[in-house]
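Chemist: I have a structure I would like to understand better, so I am pasting it below and will then ask my questions one at a time.
In my numbering, the protein residues as written are 53 to 294.
Okay, structure coming up:
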């Protein structure tokens, strides 16, 4: 399906949508992704291969309940996906309904992945359900990684939360420092959650890496953090990373 024109309306999140998402994160388990929820995916608007429309088609085919597009330093993929979804609703009026019908459309939250500095190590912080027009956050959505003081994790977390969003430390076992160092440091800065369920060994069919997931689970519980899940898809399918 062709991508719709840019004049279709994009609706941005409210504080209620952030609370709805927190409620979902509190229920996420190792079995939530990739067939029910997926909160870490990329489009060709940053470093992924899928178009926003192609991603939406797969999300509907998978019958996802909810998901987020988390391109790096931009929400262009999210905005185009919203436009695609609105176009799909208009062109399939008899095929969907919020409560009845042949297709129950998944809920799409805005998201972004921001390169940040934590304990002098580059990490990625995921932001969800924020207002992208908020003055404290708009400069993080210009397509490039932040520099200088703006790169500090404390400021990134504060900006996401000031914009009404949820801040999450992505794939915490992929960095040059251990999750046992990074997660407590992020928690001390007020981060909301951690990407607990992640496939570090890139299996052909997504599933969280057992021992690494268990380490993150223990740390998330110890620091009262929300747990999220995602495939971190960069390729042509949402059920794996590449």
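We treat Cβ as the ideally placed atom computed from N, Cα and C, and that holds for glycine. Just so we're clear, the structure is a prediction, and the values are computed from it rather than from any experiment.
For residue 119, write down the residues that DSSP places opposite it in a beta bridge.
Modeler: Bridge partners of residue 119: 90 and 160.
Chemist: Quick one: residues in its chain with C-beta nearer than 7 Å to the C-beta of residue 124, no 5 flanking neighbours on either side, listed in chain order?
Modeler: Same-chain partners within the cutoff: 98, 99 and 165.
Chemist: Out of curiosity, what's the CA-to-CA distance linking residue 233 and residue 112?
Modeler: Each residue's alpha carbon lies about 38 Å from the other.
Chemist: Which whole-angstrom value describes the C-beta separation of residue 246 and residue 272, a residue pair presumed to lie in contact below a C-beta threshold of 8 Å?
Modeler: With a Cβ gap of about 5 Å, residue 246 and residue 272 count as contacting.
Chemist: If you follow the alpha helix (DSSP H) that residue 131 is part of, which residue opens it and which one closes it?
Modeler: From DSSP, the alpha helix (DSSP H) with residue 131 extends over 128-143.
Chemist: Return the chain-ordered list of same chain residues with a C-beta closer than 6 Å to the C-beta of residue 226, the five sequence neighbours on each side being excluded.
Modeler: Nothing listed; no residue qualifies.
Chemist: In the DSSP output, which residue or residues are listed as bridge partners for residue 193?
Modeler: The partner list for residue 193 (beta bridge, DSSP) is empty, contrary to what the question assumes.
Chemist: Could you tell me how far apart the beta carbons of residue 296 and residue 69 are, in whole angstroms, since I believe they sit closer than 8 Å?
Modeler: Limits of the chain in this structure are 53 at one end and 294 at the other, which puts residue 296 out of reach.
Chemist: What would DSSP say about residue 179, mapped onto helix, strand or coil?
Modeler: Note: residue 179 maps to strand in three-state DSSP.
Chemist: Say whether the stretch 101-112 touches the stretch 69-83, bearing in mind that this needs 3 or more beta-carbon pairs closer than 8 Å, one atom from each stretch.
Modeler: Segments in contact, no.
Chemist: Straight-line CA distance for residue 231 to residue 264?
Modeler: Going by the C-alpha atoms only, they are around 9 Å apart.
Chemist: Which residue spans inside the stretch 224-278 form an unbroken beta strand (DSSP E) run of at least 3?
Modeler: Correct list: 245-249.
Chemist: If I'm right that residue 239 touches residue 275 with Cβ under 8 Å, what's the distance once you round it to whole angstroms?
Modeler: The Cβ separation is near 4 Å, so the contact holds.
Chemist: For the pair the stretch 202-218 and the stretch 168-183, tell me if three or more CB-CB distances fall below 8 Å.
Modeler: Cβ pair count under 8 Å is three or more, so yes.
Chemist: How long is the line joining the alpha carbons of residue 248 and residue 292, rounded to whole angstroms?
Modeler: C-alpha separation (whole angstroms): 16 Å.
Chemist: Following the continuous beta strand (DSSP E) through residue 218, name the residue where it begins and the one where it ends.
Modeler: 218-221 is the extent of the beta strand (DSSP E) around residue 218.
Chemist: Using C-beta distances below 8 Å, list every residue in its chain close to residue 201, excluding the 5 sequence neighbours before and after it, in chain order.
Modeler: Closer than 8 Å at Cβ, skipping near neighbours: 207.
Chemist: What is the DSSP secondary structure of residue 69, counted as helix, strand or coil?
Modeler: Helix.
Chemist: Return the bridge partner residues of residue 171 from the DSSP annotation.
Modeler: Residue 171 is not bridged to any residue.
Chemist: If I measure Cβ to Cβ from residue 294 and keep anything under 6 Å in the same chain, skipping five residues before and after, which residues do I get?
Modeler: 286 and 287.
Chemist: Per DSSP, what kind of secondary structure is residue 74 in: helix, strand or coil?
Modeler: If DSSP states are grouped into helix, strand and coil, residue 74 belongs with the helices.
Chemist: Whose C-beta lies closer than 6 Å to the C-beta of residue 279 among residues of the same chain, with five residues either side of it excluded?
Modeler: So the list reads 80, 248 and 272, once near-sequence residues are dropped.
Chemist: Would you kindly check if the distance between the Cβ of residue 209 and the Cβ of residue 243 is under 9 Å?
Modeler: Yes, the pair counts as a contact, with Cβ atoms nearer than the cut-off.
Chemist: Going by DSSP, what residues sit across from residue 95 in a beta bridge?
Modeler: According to DSSP, residue 95 bridges with nothing at all.
Chemist: Taking the C-alpha atoms as reference points, what is the distance between residue 262 and residue 228?
Modeler: Straight-line Cα distance between these residues: approximately 20 Å.
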